[in-house]
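Read in order, the letters of the sequence shown are residues 1 to 639 in our numbering.
Using N, Cα and C, we set each Cβ at its ideal position, and we do this for glycine too.
A quick write-up on the structure given underneath.
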Amino acid sequence: MANKVRANKNGHKVSSTLRLTVAQALVKYLQVQYSERDGQSHRLIAGMFGIFGHGNVAGLGQALFEYGQDLPYYQPFNEQSMVHTASAYARAKLRMSTYACTASIGPGSTNMLTGAAASTINRLPVLLLPSDYYVTRHQGHVLQQLEHPISADVSVNDAFRPLSRFFDRVSRPEQLLTALPEAMRVLTDPVETGSVTISLPQDVQAHAYDFPAHFFAPHTWRIERRQPDAQRIQEAVALLKEAKRPLIIAGGGVHYAEAWDELQAFAERFGIPVGETFSGKGSLRKESTLTLGGLGVTGTPAAGRIAAEADLVIAIGTRLTDFTTGSRGAFNDANVKFIGINIAGFDAYKLGALPIVADAREALRVLHAAAEAAGIKPSKDYLKKVANVKAEWDRTVKGSIYQQVPGEAMSQGQVIGVLNKQAKAGDTVVAAAGGPPGDLHKLWDATGDRKLQIEFGFSCMGYEIPAGLGVRLAQPDGEVYVVVGDGTYLMNPTELVTANQEHLKVTVVVVENHGYQVIRQLQMNRAGRSFGTEFRARDAKTNRLEAEYVPIDFAKNAESMGAKTWHVFTEKELGKALTEARKYQGVSVIVAEIEKHRYVPGSGVFWDVASAEVTEDPVTQELRKAYEEDRAKFQRLLY
Ligand SMILES: Cc1ncc(C[n+]2csc(CCOP(=O)(O)OP(=O)(O)O)c2C)c(N)n1
Ligand SMILES: [Mg+2]
1 MANKVRANKN GHKVSSTLRL TVAQALVKYL QVQYSERDGQ SHRLIAGMFG IFGHGNVAGL
61 GQALFEYGQD LPYYQPFNEQ SMVHTASAYA RAKLRMSTYA CTASIGPGST NMLTGAAAST
121 INRLPVLLLP SDYYVTRHQG HVLQQLEHPI SADVSVNDAF RPLSRFFDRV SRPEQLLTAL
181 PEAMRVLTDP VETGSVTISL PQDVQAHAYD FPAHFFAPHT WRIERRQPDA QRIQEAVALL
241 KEAKRPLIIA GGGVHYAEAW DELQAFAERF GIPVGETFSG KGSLRKESTL TLGGLGVTGT
301 PAAGRIAAEA DLVIAIGTRL TDFTTGSRGA FNDANVKFIG INIAGFDAYK LGALPIVADA
361 REALRVLHAA AEAAGIKPSK DYLKKVANVK AEWDRTVKGS IYQQVPGEAM SQGQVIGVLN
421 KQAKAGDTVV AAAGGPPGDL HKLWDATGDR KLQIEFGFSC MGYEIPAGLG VRLAQPDGEV
481 YVVVGDGTYL MNPTELVTAN QEHLKVTVVV VENHGYQVIR QLQMNRAGRS FGTEFRARDA
541 KTNRLEAEYV PIDFAKNAES MGAKTWHVFT EKELGKALTE ARKYQGVSVI VAEIEKHRYV
601 PGSGVFWDVA SAEVTEDPVT QELRKAYEED RAKFQRLLY
């Protein structure tokens, strides 16, 4: 690396430069980027995950070896996984920090697409560096290249465009000078953040350029706290004044804005119950009679009832997806009104809400003061009603969900009950797809700093184990529990090897029920026939997958990747395994056999998944009728 100081014709120094390859410049640049909020500084890019192939081994691989001392390299075993790890890390770090991910040309890069979508949908910053085909084209068409017959400049990496919040292809070295600052800006913008993709052609990664030295000076990207508009606050106070049955929906934005104390103070001061979305679980950190737990399709019946009758819904930091709004069927008061507090106007205006486009913490502080000044007070009757509804649900949980049904295996509800009992402050549970996220949404006690990371924006099978690693990388203390269905485990167990490699302590609970049972439940409710949702062998007579359950030894599989394993059948055995796993410093996998078709009770909130409109099957015809009745009863179009 030559450090050049140039002089212009008058003899003045103009700029010193560093001659580096594109990949080397990228590595050096990423090492000195910082995020900052409220005076707290973080390394924005903590390291780089990657799988090398011909597309990046001589470019980024070489650069990481030579200049990557301060940008640790991690080795995943599937490119999709590394993006999930980066997302989960970013989430645990409240979006202040993330990882970069490098992948080789072609399949290595397209393997990241699912991860890219998951990050963008969940608004989690990740920096993706897919490799791309030669810019020079001396080589003709190369291995793994898509030969598009009419668009010669299209590559498979163009598939990242709709999944990214920022996309650029660096086809000349100097483009890094504009591409990278824009990438960092988007990563640290709370509204725009998501997957940021910089496509790096293989040859360009190794091309050299005289980069200005100041490009590698440390840079801090400050994350702003946007203040609410004063007039909107007054309008919101007017709505609060009229409201008799207000409800707060707390979403992930409460966490990202660190608005926990402000939310608790606001809810308690004005007597407003709080239901939490998947991402918003744990928003109310202290136990309170106002905590309704999870809200929506997989929420508690208590939250469902309060939502159905609410006349004012204050949605804070939520995207208001169908699971939260019951496919727009959860709010049944004829005159229900909405206030949307969100950093993104896109979300704040949803459901025709009065929008407060602001940082959640700042908005709550200002709204609190304004509501107090307006003399708004809690209603005793409403508080009593909320407490009663909540107490009824608590009795159901203790009295039936956590009880063993004689003659059956334990239920998933019981598994969560045991986990709830075992979990301590600082522990985190991770889930994403299958039955676990919904049941945790309903049953997990997230008070007392027992954290929960549910990825339910994309609900991506295969997110869970890589995400467990991401959470562990972000927080060295506390247990990291990954709760994963058997189907999901089969889809992507291999990051257990990375966990071992990095000596990351994680405990994976594989819930074994021999099928995609949450989908089978939906199928029975909407089609009425079990088909293709259980792990059964082919039946010679029917030519369908409905013969015996296929044997799978999950513990042996996990053991083969270096995990310590347990196979448990009862609550007692599960409790013992969890206690032992807490003491074990490596990767633990507990396989818990549960009753196949024993489900946790529903919330009573509608979810619009339509049965077939025409069918010869009388069972499905009946279900279609019920579906149409439910839709007519619950669903109103709200603009
Ligand atoms: C990548 C991906 N493919 C398909 C789905 C649709 N899906 C949602 S849950 C589920 C079944 C998961 O099975 P398992 O992990 O065994 O959990 P269980 O349903 O038995 O609780 C499927 C296939 C998905 N969410 N993600
Ligand atoms: Mg299963």
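Cut-off 7 Å between Cβ atoms - residues of its own chain near residue i, not counting five sequence neighbours on either side
{"i": "Y599", "result": "Q521"}
{"i": "L292", "result": "P273, V274, G275, T300, A302, A303, I306, K390"}
{"i": "V142", "result": "Y133, Y134"}
{"i": "V297", "result": "F323, G326, S603, V605, W607"}
Distance CB(residue i)-CB(residue j) smaller than 8 Å
{"i": "S279", "j": "G251", "result": "yes"}
{"i": "P273", "j": "I306", "result": "yes"}
{"i": "T102", "j": "L129", "result": "yes"}
{"i": "A190", "j": "Y256", "result": "Per the sequence shown, residue 190 should be read as Pro rather than Ala. Contact: yes."}
{"i": "T570", "j": "M461", "result": "no"}
{"i": "R37", "j": "R222", "result": "yes"}
{"i": "I356", "j": "I249", "result": "no"}
{"i": "Y647", "j": "L443", "result": "No answer is possible for residue 647: the residues shown for the chain start at 1 and end at 639."}
{"i": "A370", "j": "Q475", "result": "no"}
{"i": "V484", "j": "V510", "result": "yes"}
{"i": "H219", "j": "V32", "result": "yes"}
{"i": "Q635", "j": "S327", "result": "yes"}
{"i": "R526", "j": "Y627", "result": "yes"}
{"i": "Y29", "j": "R43", "result": "no"}
{"i": "I51", "j": "L127", "result": "no"}
{"i": "L312", "j": "L263", "result": "no"}
{"i": "F554", "j": "V591", "result": "yes"}
For residue i, the three-state DSSP class (helix, strand or coil)
{"i": "G413", "result": "helix"}
{"i": "L20", "result": "strand"}
{"i": "H567", "result": "strand"}
{"i": "H54", "result": "coil"}
{"i": "S459", "result": "coil"}
{"i": "T620", "result": "helix"}
{"i": "I150", "result": "coil"}
{"i": "F77", "result": "coil"}
{"i": "A310", "result": "coil"}
{"i": "I401", "result": "helix"}
{"i": "F65", "result": "helix"}
{"i": "I198", "result": "strand"}
{"i": "V297", "result": "coil"}
{"i": "F49", "result": "strand"}
{"i": "M1", "result": "For M1, the predicted structure reports a pLDDT of 47, less than 50, and the residue's modelled location is therefore unreliable. A value from the coordinates is still provided. Coil at M1, not helix or strand."}
{"i": "D630", "result": "helix"}
{"i": "D158", "result": "helix"}
{"i": "T178", "result": "helix"}
{"i": "P130", "result": "strand"}
{"i": "V510", "result": "strand"}
{"i": "R536", "result": "strand"}
{"i": "Y641", "result": "This structure cannot settle anything about residue 641, because the visible part of the chain is limited to 1 through 639."}
{"i": "H597", "result": "coil"}
Below-8 Å beta-carbon distance, residue i vs any chain D residue
{"i": "E464", "result": "No chain D is part of this structure, which consists of one protein chain only."}
Own chain, CB closer than 6 Å to residue i, minus 5 neighbours either side, in chain order
{"i": "S104", "result": "G53, G55, N56, S131"}
{"i": "A259", "result": "A360, R361, L364"}
{"i": "Y584", "result": "K564"}
{"i": "A612", "result": "T620"}
{"i": "Y516", "result": "G487, T533"}
{"i": "A537", "result": "A547, E548, V550"}
{"i": "F266", "result": "L364, H368"}
{"i": "A330", "result": "A307, V605"}
{"i": "L655", "result": "One cannot answer for residue 655 here, as it falls past the ends of the chain, which runs 1 to 639."}
{"i": "L290", "result": "A267, P273, V274"}
{"i": "E593", "result": "A409, E512, F569"}
Residues near residue i by beta carbon distance below 8 Å, same chain, minus five either side
{"i": "S171", "result": "V135, P201, V204"}
{"i": "G575", "result": "V418, K421, Q422"}
(Q) Quick check for students: name the residue ranges of the alpha helix (DSSP H) that lie wholly in the region 204-284, counting only runs of 4 or more. (A) Counting only runs of 4 or more, we get 230-242, 252-256, 260-270.
Q. Are there three or more Cβ pairs, one per stretch, closer than 8 Å when the region 74-81 is compared with the region 487-505?
A. Short answer: they touch.
(Q) Which runs of the beta strand (DSSP E) at least 3 residues long sit entirely within the region 94-125? Give them in chain order. (A) Taken in chain order, the whole beta strand (DSSP E) runs of length 3 or more contained in the region 94-125 are 98-103.
Q | Unbroken stretches of the alpha helix (DSSP H), 4 residues or longer, contained in the region 313-394 | A | Counting only runs of 4 or more, we get 322-325, 345-348, 360-373.
Q) If you scan the region 474-507 from start to end, which runs of the alpha helix (DSSP H) of 4 or more residues do you find wholly inside it? A) Whole alpha helix (DSSP H) segments, 4+ residues: 486-491, 495-501.
Q.
Pairs of beta-carbons, one from the region 13-30 and one from the region 209-217, closer than 8 Å: are there three or more?
A. Flag = yes, the region 13-30 and the region 209-217 touch.
Q: Could you pull out every unbroken beta strand (DSSP E) segment of at least 3 residues lying fully inside the region 423-468, listed in chain order?
A: Counting whole runs of 3 or more residues, the region 423-468 contains the beta strand (DSSP E) stretches 428-431, 451-454.
Q | Segment contact, 8 Å Cβ cut-off, at least three pairs: the region 439-449 with the region 56-66 | A | Taking a cut-off of 8 Å on C-beta distances, the region 439-449 does not touch the region 56-66, as fewer than three cross pairs fall below it.
Q: Check whether the region 335-355 touches the region 377-385, counting contact only when three or more Cβ pairs, one atom from each stretch, lie closer than 8 Å.
A: Cβ pair count under 8 Å is below three, so no.
Q) Contact between the region 187-205 and the region 151-167: three or more CB pairs below 8 Å? A) Contact between the region 187-205 and the region 151-167 is present: three or more C-beta pairs spanning the two stretches fall below 8 Å.
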